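The structure appears right after this line, and notes come after that.
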Amino acid sequence: MITMKLPPFFAILLCTSPFWGNAPVTEAIWLNLPPSGTKCVSEELHNNVVVLADYVVVSDDHSSAPTISVKVSSPYGNNLHHKENATHGQFAFTTQEAGNYLACFWADAHSPSKADVSVNLDWKTGIAAKDWETVARKEKIEGVELELKKLEGAVEAIHENLLYLKSRESEMRIVSEKTNSRVAWFSIMSLGVCISVSVLQLWHLKRFFQKKKLI
Amino acid sequence: MEMKQIYVLAALLLSFVARISSLSITVNDVECVYEYVFYEGDAISGNFVVVDHDIFWGSDHPGIDFTVSSPGGNVVHNIKGTSGDKFELKAPRSGMYKFCFHNPFSTPETVSFYIHVGHIPNEHDVAKDEHLDPINVKIAELREALESVTAEQKYLRARDNRHRHTNESTRKRVIGYTVGEYILLAAVSSLQVLYIRRLFSKSVSYNRV
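Here the protein sequences line up with chains A and B, keeping their order.
Note that full-length UniProt numbering gives residue 184 to position 184 of the first sequence, counting from 1, and the numbers run on in steps of one.
Note that full-length UniProt numbering gives residue 76 to position 76 of the second sequence, counting from 1, and the numbers run on in steps of one.
Listed below in structure tokens is the structure:
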């Protein structure tokens, strides 16, 4: 069984932001990397989305410091972030093309520990990646007003998502209808191909036998 | 104790945990994702959809199994044989929760999942000399409600992705198999003709057919 002994104060220190009141703590998922083998997470993103990610390696015993390697690639294979022998790091990019973005982690070969390495990945896209501190500083708002502004941002993101879903659905509907008409067309054509091939066969054989003077 | 002081400090500053995006992971046999729940009684919610499946003949995949284990090791939530579902549970205690996907078949499946841990501040969070501002509670509740809408949208998006995969696969199959069928038909009929010609050819004894 995989045991995850996470020192909680470490996680809290990482995540706490020095804000009054409702400070959003960034939550993250933990992955368990086996000593050999890669673990990849991916997300399908559309164009012009801000991605902000943080990763930290947490080890149970502080004597061994396992290191990992990270590789982030775009759907067309471009390398967005590549780091070897790291215990922590972060990367940020804005998507240029729509598609599947892949982040892969693997434990380094000469890593000291033989147990599984646990990695904390904090992956934020879109509205979650927005830097509210600069917004608060620029517009000089704080506290409840800032929280309400965040909620407003969330509502706008919901609206955008809805419009995106609508456009995807209409694209898919077009493909479905095209496939539907193609099935009908191709089936009728296959009947036509069958008939024409058999007519050609008979015609060719008749000519052959007439040449051979058998009929 | 030093940890307790940090806890209190964190409790003063923390009131709500934000969301992560919906990630996809390829499940070969068992894949587990962990998430840390800071407070007991937090609402853990989420959804997952099996996105990429190229089953050749069957129309419905038997599905994957999903289990949620508490830090103590016992299974808190269990869904068997599904191609996507939503889940909601209340954390019985704080700690590291394990979310596992199990694929009973040998073909790897890509699962798109989203996990969210939501917390509404209550009297236990603030220190003894502070009082809980009701507006903070209301804002947190509002945020949770918006969060559930966002989660639903992510689920719809993942399902839309799956549908899109199926559509693309259907389109490719229609074109591929039809063109293949025509070519095969033409090839078989020309083979037939060639064979019959061979039967009647002069090199073979002409009385034998």
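Using N, Cα and C, we set each Cβ at its ideal position, and we do this for glycine too.
Predicted model only: the values in this text are computed from it and were never measured.
- Residue-level contact by beta carbon holds for ARG164 (chain B) and chain A, with a gap shorter than 7 angstroms.
- Contacts with chain B (Cβ-Cβ distance below 9 angstroms) from the region 157–175 of chain A involve ALA157, ILE158, ASN161, LEU162, TYR164, LEU165, ARG168, GLU169, GLU171, MET172, VAL175, listed in chain order.
- Taking all protein chains in view, the Cβ of GLY176 (chain B) is surrounded by fewer than 16 other Cβ atoms within 10 Å, so the residue is classified as exposed.
- Per DSSP, THR179 (chain A) is not a residue of any beta strand (DSSP E); the alpha helix (DSSP H) it occupies stretches across 144–211.
- Residues ASN103, PRO108 of the same chain have their beta carbon placed closer than 8 angstroms to that of ASN28 (chain B), with the five preceding and five following residues left out of the count.
- Within the UniProt domain "GOLD" (38–150) of chain A, complete alpha helix (DSSP H) segments of at least 4 residues are found at 132–139, given in chain order.
- For GLU123 (chain B), the nearest beta carbon of chain A is not closer than 7 angstroms to its own beta carbon.
- Residue contact with chain B for ILE29 (chain A): present (Cβ-Cβ distance below 7 angstroms to some residue of chain B).
- For the options A:PHE93, A:ASN79, A:CYS40, A:LYS71, the alpha carbon positioned closest to that of VAL51 (chain A) is the one of A:PHE93.
- Interface residue (Cβ-Cβ distance to chain B less than 7 angstroms): SER42 (chain A) is classified as such.
- The beta carbon of ALA136 (chain A) sits closer than 7 angstroms to those of GLU142, LEU146, all from its chain and outside the five residues before and after it, given in chain order.
- If you look at LEU199 (chain B), you'll find it in the alpha helix (DSSP H) that goes 134–199.
- When secondary structure is reduced to three states using DSSP, LEU214 (chain A) falls in the coil class, being assigned neither helix nor strand.
- According to the DSSP secondary-structure assignment, ASN78 (chain B) is paired through a beta bridge with B:THR67.
- Measuring C-alpha to C-alpha distances from SER181 (chain A) to each of B:VAL37, B:THR170, B:ARG159 identifies B:THR170 as the nearest.
- Contact with chain B is absent for LEU33 (chain A), since none of that chain's Cβ atoms lies less than 7 angstroms from the residue's Cβ.
- Around ASP160 (chain B), the beta-carbon contacts reaching into chain A at under 9 angstroms are LEU165, ARG168, GLU169, MET172.
- At least one beta carbon of chain A lies nearer than 7 angstroms to the beta carbon of GLU35 (chain B).
- Close CB contacts of GLY153 (chain A) within its chain, under the 7 angstroms cut and outside five residues either way in sequence, are with ILE127, LYS130 (chain order).
- Ranked by how close their Cα comes to the Cα of GLU144 (chain B), the residues B:ASP125, B:ILE120, B:MET96, B:ASN74 have B:ILE120 in first place.
- For PHE105 (chain B), the CB contacts under 8 angstroms within the same chain, skipping 5 residues up- and downstream, are PRO62 in chain order.
- Neighbourhood of LEU185 (chain B) in chain A, by CB distance below 9 angstroms: SER190, VAL193, CYS194, VAL197, in chain order.
- With distances taken between CA atoms, ALA107 (chain A) lies nearest to A:HIS88 out of A:THR125, A:LYS124, A:HIS88.
- In this chain, the beta strand (DSSP E) harbouring ILE29 (chain A) covers 29–33.
- In terms of Cα proximity to PHE101 (chain B), the closest of B:PRO71, B:ASN122, B:ASP65, B:SER112 is B:ASP65.
- The beta carbons of LEU102 (chain A) and SER73 (chain A) sit closer together than 7 angstroms.
- In the structure shown, ALA127 (chain B) adopts coil according to DSSP, grouped into three states.
- Using beta-carbon distances, GLN201 (chain A) counts as an interface residue toward chain B, with a partner under 7 angstroms.
- Looking at the DSSP output, GLY118 (chain B) sits in a beta bridge with B:ALA43.
- Taking 7 angstroms as the threshold, the shortest C-beta distance from ASN167 (chain B) to chain A falls below it.
- Where ASP85 (chain B) is concerned, the enclosing beta strand (DSSP E) starts and stops at 84–90.
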